[in-house]
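As they're listed, the protein sequences go chains A and B. Numbering follows UniProt numbering, in which position 71 of the first sequence is assigned residue number 71; successive positions increment by one, without gaps. Numbering follows UniProt numbering, in which position 116 of the second sequence is assigned residue number 116; successive positions increment by one, without gaps. Notes follow once the structure below has been shown.
2 protein chains.
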Amino acid sequence: MALKYALLGLLTKNEATGYELNQQFKETMIHFWSAHHTQIYRQLVKMEEEGLVSSQVVHQVDYPDKKVYRLEDKGYEMLLQWLFSKEILPSTLKDDLLLRVSLFQLIPADEAIAFLERAKEQHMFGLGLMEKWRDSHFPEGEFNQEDLGEYLTSEFGQRYMQHWIEWCDWAIQVIKRTKEKGSDVK
Amino acid sequence: MALKYALLGLLTKNEATGYELNQQFKETMIHFWSAHHTQIYRQLVKMEEEGLVSSQVVHQVDYPDKKVYRLEDKGYEMLLQWLFSKEILPSTLKDDLLLRVSLFQLIPADEAIAFLERAKEQHMFGLGLMEKWRDSHFPEGEFNQEDLGEYLTSEFGQRYMQHWIEWCDWAIQVIKRTKEKGSDVK
DNA sequence: CTGTACATGTAACGCGTTACATGATTGG
DNA sequence: CCAATCATGTAACGCGTTACATGTACAG
């Protein structure tokens, strides 16, 4: 159900095509969400059937026609209701990389360390992108009231990346220490 | 595909019933994964068809019969192949709570603060559970080589909770500050 | 007498992922 | 000439969630 609210939320800022909504997902929601364009198109069709959004086809000369979606009152009401009423459940992770980490006892220590070092690089790269994004959107940490949500979640994303990187360093040290102790561990 | 590997991974430790695998998910994989028992039963049937695991029905007198699954060589090989070969992609979050945070500009500041305070409590509760679990499984931070993966991922889970809690404190302060400045923000 | 744990599932539906399809314009 | 970008989708399949179904034993 949450993709629906994500799309309604984006449409509170501007009317947009499915394509543009997909771009916005990749750009701003990367901090805490992801969605494929196929999901977005599917969801938009459903939401129009339910009367939450409406669409208008815009003819273009040099480009293919596009379909612009606009938020309807019913959609806005549903969004606000969700924002106020839904209960708060602790968030759960679901992470492929950590699943592999949880089985590190099955592979050699060197493999495990190499894995963590590559994972660290990936997250450092991600952090770099987020920092750049924040600098261009909120220079000097300044933000407008209408961007409050984005400001808060982008900080979350950045801290999450830092947490990952720090944990990688910690985990690498742990494995190196158990390696030194050698076979007398266990 | 990942649930398959999670189950194969658990079965490297011991043979188990679907019920027990579900318990183990809730207990140890809570740090980075979740799965419903219905998924687990469905996946086990498929894995048996593929010859990755085998099962044996054990009759019981006072309880219903149970079906014990055991890892087969083919399953173990597939698991190791996955552990070694699959490329490393940066992890992506998907979090309902953050989706709501990203729309905080649509609700009053007091509501937003109340939301964050409840979210903080939830994560403090989660942290407490994880700390208890770690103390009982790894007293004094000691662990056996065969538990390396669990040791590393449970640290990740704990740090993740701490990161959440710290971010909540930060976000609450940000909102309080914009509230003070009042209408001259924007 | 009620709820919880044990133990295993089916059915229905919705979300997530991958592959495929089409076809124009612009930049290197 | 090739790749990328703009723009919109269908189809197939697998994963995730919720509701329902069945029946016993034990603790409070």
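Backbone N, C-alpha and C define an ideal beta-carbon position, used for all residues, glycine too.
* Fully enclosed by the UniProt domain "Transcription regulator PadR C-terminal" (93-175) of chain B, which alpha helix (DSSP H) runs are 4 residues long or longer? -> 96-101, 109-137
* To do: Going by CA-CA distance only, name the one from A:F104, A:L148, A:S136, A:L127 that's closest to T12 of chain B.
  => A:F104
* **Listed by chain order, chain A residues near W167 of chain B by CB distance under 8 Å** => E155, F156, R159
* Asked: Where does G126 of chain A land, buried or exposed, given buried means 16+ other C-beta within 10 angstroms?
  -> buried
* Asked: Once you ignore the five residues that flank W82 of chain B on each side, which residues in its own chain have a CB closer than 6 Å to its CB?
  -> For W82 of chain B, where only same-chain residues beyond five positions count, the Cβ hits under 6 Å are Y5.
* 7 Å Cβ cut-off: residues of chain B touching R100 of chain A -> L83
* Top-ranked residue by Cα proximity to K181 of chain A, from A:G9, A:S91, A:I88, A:A109 -> A:A109
* Between V53 of chain A and chain B, is there a C-beta pair that is closer than 8 Å? -> Chain B places no beta carbon closer than 8 Å to that of V53 of chain A, leaving this residue out of the contacts.
* **Backbone secondary structure at K13 of chain A - three-state DSSP** => coil
* Asked: For S136 of chain A, does the count of other Cβ atoms within 10 angstroms reach 16, so buried, or fall short, so exposed?
  -> The Cβ neighbour count for S136 of chain A, taken over all protein chains shown within 10 Å, is under 16; the residue is labelled exposed.
* To do: Spell out the partners DSSP gives Q56 of chain B in its beta bridges.
  => Note: Q56 of chain B sits in a beta bridge opposite B:V68.
* What does A171 of chain B touch in chain A if you count any residue whose Cβ is under 7 Å from its own? -> L152
* Asked: Span of the alpha helix (DSSP H) holding H37 of chain B?
  -> For H37 of chain B, the enclosing alpha helix (DSSP H) has its first and last residue at 37-49.
* Using the beta-carbon of each residue, which ones in chain A are nearer than 7 Å to Y5 of chain B? -> Those are L99, listed as they occur along chain A.
* To do: Can you give me the start and stop residues for the alpha helix (DSSP H) that W82 of chain B sits inside?
  => 73-85
* With distances taken from CA atoms, which of A:M29, A:L97, A:L106 is nearest E77 of chain B? -> A:L106
* Measuring CB to CB, does S34 of chain A end up less than 8 Å from T92 of chain B? -> yes
* Are the beta-carbon atoms of S154 of chain A and M124 of chain A separated by less than 8 Å? -> 8 Å or more divides the Cβ of S154 of chain A from the Cβ of M124 of chain A.
* CA-to-CA distance, F138 of chain A to H31 of chain B, given in whole angstroms -> If I take the Cα positions, the gap works out to 33 Å.
* Element boundaries [alpha helix (DSSP H), containing Y19 of chain B] -> Run containing Y19 of chain B: 18-28, per the alpha helix (DSSP H) assignment.
* Please go through the same chain and pick out, in chain order, the residues whose beta-carbon is closer than 8 Å to the beta-carbon of Q162 of chain A, but skip the five residues on each side of it. => L127
* To do: List the residues of chain A that D95 of chain B touches, going by C-beta distances under 8 Å, in chain order.
  => Taking a Cβ-Cβ cut-off of 8 Å, the neighbours of D95 of chain B in chain A comprise F32, W33, S91, given in sequence order.
* Cα-Cα separation, F84 of chain A to V57 of chain A -> 33 Å
* By how many angstroms is the C-alpha of L98 of chain A removed from the C-alpha of E48 of chain B? -> 25 Å
* Beta carbon proximity, R118 of chain B to chain A, threshold 8 Å -> yes
* Helix, strand or coil for L3 of chain B per DSSP? -> helix
* To do: For chain A, find out if any of its Cβ atoms is closer than 8 Å to the Cβ of V174 of chain B; answer yes or no.
  => yes
* To do: Under 8 Å between beta-carbons, which chain B residues line up against G75 of chain A? List them in chain order, please.
  => Per Cβ cutoff of 8 Å: no residues; G75 of chain A is ~13 Å from chain B at best.
* For L89 of chain B, does the three-state DSSP call read helix, strand or coil? -> coil
* Using the Cα positions of M1 of chain B and R177 of chain A, report the straight-line distance between them to the nearest angstrom. => 33 Å
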